[in-house]
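A short write-up of the structure that comes next.
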Amino acid sequence: MDIDELKDEFRRRFKCPPKYIVRCPGRVNLIGEHIDYSGYGVLPMAISASTYVLVAGRDDASEIAFLNTNSTYK
(Lines of atoms letter the chains of each structure in order from A and count residues from 1; the text may use other names and numbers.)
(Lines give C-alpha, C1' and ligand atoms only; values in the text may rest on other atoms or scores of the structure.)
Protein backbone atom coordinates (compact mmCIF):
# COMPACT_ATOMS: atom_id res chain seq x y z
CA MET A 1 0.00 0.00 0.00
CA ASP A 2 1.20 3.50 -0.70
CA ILE A 3 0.69 6.35 1.77
CA ASP A 4 -2.49 7.62 0.09
CA GLU A 5 -4.05 4.16 0.30
CA LEU A 6 -3.06 3.95 3.97
CA LYS A 7 -4.67 7.33 4.71
CA ASP A 8 -7.85 6.28 2.89
CA GLU A 9 -7.97 3.01 4.83
CA PHE A 10 -7.44 4.89 8.11
CA ARG A 11 -10.34 7.23 7.28
CA ARG A 12 -12.54 4.28 6.34
CA ARG A 13 -11.85 2.41 9.59
CA PHE A 14 -11.77 5.30 12.06
CA LYS A 15 -14.02 7.90 10.38
CA CYS A 16 -11.37 10.63 10.71
CA PRO A 17 -8.04 11.51 9.08
CA PRO A 18 -4.76 10.57 10.76
CA LYS A 19 -3.14 13.34 12.79
CA TYR A 20 0.36 11.85 12.62
CA ILE A 21 2.02 9.62 10.04
CA VAL A 22 5.32 7.96 10.93
CA ARG A 23 7.49 5.98 8.52
CA CYS A 24 10.11 3.57 9.82
CA PRO A 25 12.36 2.42 6.96
CA GLY A 26 13.53 -1.15 6.99
CA ARG A 27 17.16 -2.18 7.09
CA VAL A 28 19.34 -5.21 6.73
CA ASN A 29 22.70 -5.81 8.33
CA LEU A 30 25.24 -6.82 5.71
CA ILE A 31 27.82 -7.55 8.41
CA GLY A 32 27.40 -7.80 12.15
CA GLU A 33 23.96 -9.23 12.90
CA HIS A 34 23.13 -9.14 16.65
CA ILE A 35 26.44 -7.63 17.78
CA ASP A 36 25.69 -3.89 17.60
CA TYR A 37 24.07 -3.88 21.05
CA SER A 38 27.34 -5.27 22.45
CA GLY A 39 29.33 -2.33 21.12
CA TYR A 40 30.70 -4.00 17.98
CA GLY A 41 30.51 -2.50 14.50
CA VAL A 42 27.88 -3.36 11.93
CA LEU A 43 27.28 -2.48 8.30
CA PRO A 44 23.55 -1.79 7.90
CA MET A 45 21.80 -0.83 4.67
CA ALA A 46 18.35 0.73 4.24
CA ILE A 47 15.80 -1.14 2.14
CA SER A 48 12.65 0.05 0.40
CA ALA A 49 10.27 -1.85 2.71
CA SER A 50 8.91 0.30 5.53
CA THR A 51 6.55 0.14 8.48
CA TYR A 52 4.02 2.95 8.72
CA VAL A 53 2.11 4.09 11.79
CA LEU A 54 -0.91 6.39 11.41
CA VAL A 55 -2.33 7.95 14.58
CA ALA A 56 -5.33 10.04 15.58
CA GLY A 57 -6.65 11.02 19.01
CA ARG A 58 -10.04 10.25 20.50
CA ASP A 59 -12.23 12.79 22.23
CA ASP A 60 -13.14 10.41 25.05
CA ALA A 61 -9.63 8.87 25.32
CA SER A 62 -11.14 5.71 26.80
CA GLU A 63 -9.73 3.25 24.31
CA ILE A 64 -6.74 2.55 22.10
CA ALA A 65 -7.30 0.64 18.85
CA PHE A 66 -4.55 -1.01 16.82
CA LEU A 67 -5.30 -2.39 13.38
CA ASN A 68 -3.06 -4.08 10.85
CA THR A 69 -3.54 -3.79 7.09
CA ASN A 70 -1.40 -6.85 6.35
CA SER A 71 -3.84 -9.78 6.10
CA THR A 72 -1.01 -12.21 6.89
CA TYR A 73 -1.12 -11.05 10.51
CA LYS A 74 -4.41 -10.99 12.38
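At position 56 of the sequence shown the residue is numbered 57 (our numbering), and the sequence of numbers has no breaks.
Virtual Cβ for every residue (Gly too), placed ideally from N, Cα, C.
- DSSP lists 25 as the beta-bridge partner residues of residue 52.
- A residue is called buried once 16 or more other Cβ atoms fall within 10 Å of its Cβ, and residue 55 is buried on that count.
- For residue 8, the enclosing alpha helix (DSSP H) begins and ends at 4-15.
- By the Cβ-count criterion, residue 67 is exposed, with fewer than 16 other Cβ atoms from all chains shown falling within 10 Å of its own Cβ.
- Under DSSP, residue 68 shares a beta bridge with no residue.
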